[in-house]
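Student: Numbering (the working numbering), first residue to last: 12 to 339. Even glycine gets a Cβ: it sits at the ideal position worked out from N, Cα and C.
Rendered as structure tokens:
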């Protein structure tokens with residue numbers, strides 16, 4: 012998969028990544044397609060032509076998704092997803108795609124499960140604030156493999172260490188997929204000037220801490236690269252100090268600051284980071300203007316858009332990349 016960074020695709024109006032995908036009720040997305048009374052005809056047309064498009068990777072560059080093939084490939088292994096809301100959507104996508112080979116499933120709010128991590132964890136650098144623990148999910152596959160999601164809104168190394176301890180002894184057969192960063196805007200506006208934010212500097216510290224914890228485990232680590240809309244700025248949700256946008260601009264090809272920093276970090280830490288690999292989805296996921304404004308909320312024309320959350324059709328493509336990364 013040395014060419015993974017160069018994978019591309021196209022947006023299509025009617026494409027099912029693996030035929031008709033049946034999702035568990037808890038994994039259903041809010042539709043990107045919202046017709047409501049009073050919407051003008053041209054708005055309806057734009058919704059159909061732009062919001063409902065689905066991303067399809069070029070078939071010549073990726074093996075097609077195969078639930079049975081994935082199940083056989085990861086038999087008796089654990090896939091552990093740790094991250095924020097987009098990682099939750101990646102897990103939801105897996106729950107849909109792996110439906111034919113799922114033996115059992117569980118999904119709940121963190122508050123509904125019994126866990127040693129049920130206590131409050133201070134949010135690093137913010138007095139009186141605590142980490143938002145959002146989602147807990149588990150899939151058991153027929154091959155004996157399992158997929159686990161532990162989703163929290165901001166990074167805490169203490170919480171991460173407790174979660175890894177609770178999951179039990181990690182081995183070299185375990186795969187940890189991770190990503191954080193929706194809340195680390197790169198830019199802020201000060202006195203009319205756009206400058207690098209102190210929050211982005213926190214990203215650098217937090218991700219170094221994340222890698223410090225993970226590289227001490229024997230597990231294989233996959234850093235899922237950033238989605239093109241997973242940061243502040245023109246193609247993110249908003250620039251701090253300005254109003255929310257009412258639309259999402261497409262990301263530019265070169266907007267890869269977060270992943271470049273991480274790649275440079277991994278290169279600098281040498282052999283200690285040899286088990287950390289990238290799962291690049293940035294170029295694959297470059298979105299067209301105004302597409303896929305949210306499976307979490309605010310997916311309508313005329314509302315404030317949270318451009319960091321899309322419908323999971325794009326995330327189905329991410330899991331196709333995961334399948335190719337792990338199994339070929």
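1) Taking DSSP as the reference, what is the three-state secondary structure of residue 334?
2) Go through its chain and collect everything with a Cβ distance to residue 21's Cβ below 8 Å, but skip five positions before and after it.
3) So, residue 118 versus residue 158, is the Cβ gap smaller than 9 Å?
4) Note down, in chain order, each residue of its chain lying with its Cβ closer than 7 Å to the Cβ of residue 173, except the 5 sequence neighbours on either side.
5) On the three-state DSSP scale, how would you describe residue 145?
6) Within the continuous alpha helix (DSSP H) that includes residue 287, where are the two ends?
7) Anyone know if the C-beta pair for residue 87 and residue 184 falls short of 9 Å?
8) Determine the direct distance from the alpha carbon of residue 288 to that of residue 275, and round the result to whole angstroms.
9) Using the Cβ count rule (16 or more neighbours within 10 Å means buried), how would you classify residue 330?
10) Mapping the DSSP letters down to three states, classify residue 140 as helix, strand or coil.
11) Would you call residue 43 buried or exposed, if buried means 16 or more other Cβ atoms sit within 10 Å of its Cβ?
12) Does DSSP put residue 69 in a helix, a strand or coil?
13) Return yes when the C-beta of residue 182 is under 8 Å from any heavy atom of the ligand SAH, and no when it is not.
14) Checking 9 Å against the spacing of the C-beta atoms, do residue 225 and residue 189 come in under that value?
15) Roughly how many whole angstroms lie between the Cα atoms of residue 47 and residue 100?
16) In terms of alpha-carbon separation, which member of 166, 175, 338 and 177 lies closest to residue 213?
17) Nearest to residue 113 by alpha carbon, out of 152, 281 and 161?
18) Does the beta-carbon of residue 148 have 16 or more other beta-carbons within 10 angstroms, so that it is buried, or is it exposed?
19) Using beta-carbon positions only, say whether residue 236 and residue 293 come within less than 9 Å of one another.
20) Please report how far the alpha carbon of residue 23 lies from the alpha carbon of residue 326, in whole angstroms.
21) Determine the direct distance from the alpha carbon of residue 230 to that of residue 76, and round the result to whole angstroms.
22) Between residue 98 and residue 92, what straight-line distance do the alpha-carbon atoms span, to the nearest angstrom?
23) At which residues does the beta strand (DSSP E) containing residue 115 begin and terminate?
24) Using only the alpha-carbon positions, how far apart do residue 71 and residue 295 sit?
25) Please work out which residues of its chain come closer than 8 Å, Cβ to Cβ, to residue 145, disregarding the five sequence neighbours upstream and downstream, and give them in chain order.
26) Going along the chain, which residues of its own chain have a beta-carbon closer than 8 Å to the beta-carbon of residue 35, five neighbours each way excluded?
27) So, are the CB atoms of residue 290 and residue 233 less than 9 Å apart?
28) Beta-carbon separation of residue 178 and residue 89 under 9 Å?
29) Would you tell me roughly how many angstroms separate the C-alpha atoms of residue 336 and residue 202, rounded to the nearest one?
30) On the DSSP letters alone, give me the boundaries of the alpha helix (DSSP H) that residue 272 sits inside.
31) Excluding sequence positions up to five away, which residues of its chain have a Cβ less than 8 Å from the Cβ of residue 73?
32) What residue range is occupied by the uninterrupted alpha helix (DSSP H) comprising residue 157?
33) Take residue 182 and list the residues in its own chain whose beta-carbon comes closer than 8 Å to its own, dropping the five residues that flank it on each side.
34) How big is the Cα-Cα spacing for residue 154 and residue 125?
35) By the 10 Å Cβ neighbour count, where 16 or more other Cβ atoms means buried, how is residue 328 classified, buried or exposed?
Tutor: The structure says:
1) helix
2) Sequence-distant Cβ neighbours of residue 21 in its own chain, meaning closer than 8 Å and more than five residues away, are 66, 67 and 69.
3) no
4) Cβ within range, chain order: 127 and 128.
5) Correct three-state label for residue 145: strand.
6) Segment 287-290 is the beta strand (DSSP E) holding residue 287; no alpha helix (DSSP H) there.
7) For the 9 Å CB-CB criterion, residue 87 and residue 184 form a contact.
8) 12 Å
9) The residue is buried, with at least 16 neighbouring Cβ atoms inside 10 Å.
10) coil
11) The predicted position of residue 43 is uncertain, since its pLDDT is 45 and thus under 50; a value taken from the coordinates is nonetheless stated next. Looking at its Cβ environment, which holds 16 or more other Cβ atoms inside 10 Å, residue 43 is buried.
12) coil
13) In terms of ligand content, the structure shown is empty, and the ligand SAH therefore cannot be addressed.
14) yes
15) In this prediction, residue 47 scores a pLDDT of 47, lower than 50, which makes its location untrustworthy; the coordinate-derived value is nonetheless stated afterwards. The alpha-carbon atoms of residue 47 and residue 100 are separated by roughly 26 Å.
16) 166
17) Among 152, 281 and 161, the Cα nearest to that of residue 113 belongs to 152.
18) buried
19) yes
20) 15 Å
21) 24 Å
22) 7 Å
23) Where residue 115 is concerned, the enclosing beta strand (DSSP E) stretches over 113-119.
24) 14 Å
25) 95, 96, 99, 120, 121, 162, 163 and 164
26) 106, 107, 110, 116 and 118
27) yes
28) Going by beta carbons, residue 178 and residue 89 fall inside the 9 Å limit.
29) Separation of residue 336 and residue 202 (C-alpha to C-alpha, rounded to the nearest whole angstrom) is 46 Å.
30) Looking at the DSSP string, the run of the alpha helix (DSSP H) that includes residue 272 is 268-279.
31) 18, 331, 332 and 335
32) Run containing residue 157: none in the alpha helix (DSSP H); it sits in the beta strand (DSSP E), 157-163.
33) 229 and 230
34) 26 Å
35) buried
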